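Please read the structure below before turning to the comments.
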Amino acid sequence: MPRTADQYLSAPQVPGDNYVHASVYTDPELYEEEKENILRRTWKFVCHISELAEVGDYRSHTWTGIPLVTVRSTEDKISTFVNSCSHRGAKIVRDPAGNMKHMTCFFHLWEYDLLGNCTYQTRDEAYEAHGPAKKDLGLREVRTDVFAGLVFMNYDGEAMSLRDYIGDAGEPFEDIFNQYDLEVFHYNQTHVRGNWKAWYLTNCDLYHEWGHLVNRTTSVLAPGYHDRPWRLNPEGHGYNAHLLDGSPFQVQYQKYKGWQNRDDLVFKGLVPGEFRVIDIFPNLSVFFRATCIRLNHSTPLAPGHTLMEERGLGVKGESKEDRKVRSKQFVQIWGPFSRNASEDCAYVEATHECQEHGANPYDLMSRLELLEDNVHERIHSDTYLRHFFNKWGEYMGRPANNPKNFMTAAE
Amino acid sequence: MTISDDQIKNVIYKSCSVLDAEDFDAYMDLYTEEFDYKVTNYSREIRKEQEWMDVNRAELKGLLANVPQHSRLLGSFMRHATVYEIERNGADTANALTYVTIYYTTPEGATRVWAVGRYHDVIDVSGETPLIADRDMKLETREVGIGTHLPM
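Those protein sequences? They're chains P and D, same order as listed.
Convert by adding 857 to the 1-based position in the first sequence; the result is the number in the numbering used here.
Convert by adding 4 to the 1-based position in the second sequence; the result is the number in the numbering used here.
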């Protein structure tokens, strides 16, 4: 039956971690705190190593509003710098990608080498007398590391190592990634009117597969679909790679009109049609669909504004024909003209439209479906969503189900 | 009978208008049996040419048949096309270059430019009416909002 306003606004009668308050997606103060407490303290995915194949290759990007550039400084070193000239602060590298011998600010032509040292000041005699000297004007370097070909950065110099951070969540993809020389063949980005967590959690909320025609057709009726457990990692990651008995889950692509099975070009370590998803806190998702690997990452820009990035990985040097097949199968699901990713954008924007001004005060995540072992939860359970927000609460020092009142009480 | 340039232009313009109207049967009738349809662009981010859509007749037919069942972008598209060049390749085919602007109108009636690009078409002119044998929609636009299930 319909609810009154009081009933509608009162907290759901479920355990406290089974729902979150919608302000976690919309509140500007919480967003600023997230930047400080989560986004500047955790490992952020930058790009795939193949995008930085040669010395001087770079990718520019932003994180928590800070322009950055990640560059292959030497054969053995990937570096990230704050992309701002030490002189007047102008953005130095302005293209999204390319190759450079050094970094030159277009404003007054100051120059930096690929290790971030300031190497040239126009008419530098004026600084020799008064300072500061070039040696004191290097770029701000940000900690950078690589795991299985994935380049990450972290503003926090004291944070745990990247390998320790990823932990067992690397198991479903590290070996597969490392046995190939992979490269990015697909990239697209989209500005989504929605919160970064809402985007990421759509990747993690596999219950939403019922919304996609492709998933309803090819997956939910396939053997083993409901028998996959979520595995949770203490750093906030989650993954599902196998059924409880260890066997793989295989999607039946041929059941979608006009599509074929994915029996060829399957990555070693997978079986035809195999599906896996690995979600790395706070917002990187790695997907396998037998022949395709997807890296999905987002950059929060404001509480209701997120830049979503999509990458597809193939095998470097594979034949033109094989690449065509792999690319085609990737964009069927995840490209801007696909059957899946564009629908995810629509879900996130429709949710944000209702949360932005309080039309829906709570986000319910109380589904609990146990597998036969009565321990692990099925992939349709909301266990990873609860896990994510428990971790969010640890970093933020406040519960996600009542973050603003908690703040008031604490004050 | 020789197919005229005007007939070639008309098949290209019709491909826009019937797709605007989502008359998918009429759209498919404008292509040869063995056609290849692609949406491509050059990514400045990965410094590579890439294909965002790549379908043959069976795949496009299946896709269009399924469109009504998909969760999709509401509203409508309007394609504004101008044929810039037609070059004959002997008696049977011609290449056509068409500049295309795609407008998107929301269900509430607001309109904005959704994408710009160029059709690189191969037109089969060997029969009584021209048919599109290959279409490569080269997008200049690299960000298309939440995307779409439809060819452009």
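All residues carry an ideal CB built from backbone N, CA and C; glycine is no exception.
Small disclaimer: the values here were computed from a predicted structure and weren't measured.
By the Cβ criterion, the region 1161-1181 of chain P is in contact with the region 1025-1045 of chain P, since at least three pairs of Cβ atoms, one from each stretch, lie closer than 8 Å.
Contact between the region 1134-1143 of chain P and the region 1099-1108 of chain P is absent: fewer than three C-beta pairs spanning the two stretches fall below 8 Å. Pairing residue 1080 of chain P with residue 1104 of chain P, the inter-Cα distance amounts to about 11 Å. Setting aside the 5 residues that flank it on each side, residue 866 of chain P is surrounded in the same chain by 1218, each with a C-beta closer than 6 Å to its C-beta; the list follows chain order. One finds 1115 in chain P with Cβ atoms closer than 7 Å to the Cβ of residue 67 of chain D, taken in chain order. Note that the C-beta distance between residue 143 of chain D and residue 56 of chain D is below 9 Å.
Within the region 1072-1128 of chain P, complete beta strand (DSSP E) segments of at least 3 residues are found at 1095-1097, given in chain order.
Sixteen is the threshold: since fewer than 16 other Cβ atoms of the shown chains lie within 10 Å of the Cβ of residue 958 of chain P, the residue is exposed.
Annotated three-state conformation of residue 1250 of chain P is helix, per DSSP.
The beta carbon of residue 1075 of chain P lies closer than 7 Å to those of 1108, 1109, 1110, 1112, 1113 in the same chain, with the five residues before and after it left out. At least one C-beta of chain D is nearer than 9 Å to the C-beta of residue 1181 of chain P. Looking only at D:149, D:87, D:101, the smallest Cα-Cα distance to residue 109 of chain D is reached by D:149. At least 9 Å separates the CB of residue 1055 of chain P from every CB of chain D. When secondary structure is reduced to three states using DSSP, residue 1160 of chain P falls in the coil class, being assigned neither helix nor strand.
For residue 155 of chain D, a Cβ of chain P is located within less than 9 Å of the residue's own Cβ.
With its beta carbon at least 9 Å from every one in chain P, residue 118 of chain D lies outside the interface.
Burial state of residue 1203 of chain P is buried, judged by a 10 Å Cβ sphere holding 16 or more other Cβ atoms. Per DSSP, the beta-bridge partners of residue 1007 of chain P are P:905, P:1004. Listed along chain D, no residue sits closer than 7 Å to residue 1016 of chain P by beta-carbon distance, the nearest being about 27 Å off. Looking at the backbone, the Cα of residue 863 of chain P and that of residue 1207 of chain P are separated by about 24 Å. Close to residue 48 of chain D, with beta-carbon spacing below 8 Å, are these residues of chain P in chain order: 952, 953, 954. If you check each beta-carbon in the region 1178-1205 of chain P against every beta-carbon of chain D, the ones closer than 8 Å belong to 1181, 1184, 1185, 1188, 1192, 1193, 1194, 1195, 1196, 1198, 1199, 1200, 1202, 1203, 1204. Our two residues, residue 152 of chain D and residue 1200 of chain P, have alpha carbons roughly 8 Å apart in a direct line. One finds nothing in chain D with a Cβ atom closer than 8 Å to the Cβ of residue 940 of chain P; even the nearest lies about 15 Å away. Residue 1248 of chain P and residue 952 of chain P have their C-alpha atoms roughly 35 Å apart. Chain order gives the chain D residues near residue 1042 of chain P as 50, 52, 54, where near means a beta carbon separation below 8 Å. If you ignore the 5 residues before and after residue 975 of chain P, its C-beta comes within less than 7 Å of the C-beta of 943, 967, 969, 991, 994, 995, all in its own chain and listed in chain order.
Among the CB atoms of chain P, none fall inside 9 Å of the CB of residue 16 of chain D. DSSP places residue 1145 of chain P inside the beta strand (DSSP E), whose first and last residues are 1141-1146. Within 8 Å of the CB of residue 1068 of chain P, the CB atoms of chain D belong to 75, in sequence order along the chain. In the three-state DSSP reduction, residue 1184 of chain P falls in the helix class (H, G or I). Inter-residue distance for residue 978 of chain P and residue 989 of chain P is about 11 Å (C-alpha atoms, whole angstroms). In this structure, the CA atom of residue 1046 of chain P is about 6 Å from the CA atom of residue 147 of chain D.
Take residue 54 of chain D, set aside five residues on each side of it, and the residues of its chain with a beta-carbon closer than 6 Å to its own are 47, in chain order.
Here the alpha carbons of residue 1019 of chain P and residue 1004 of chain P stand approximately 7 Å from one another. Relative to residue 1254 of chain P, the option among P:1193, P:1043, P:891 whose CA is nearest is P:891.
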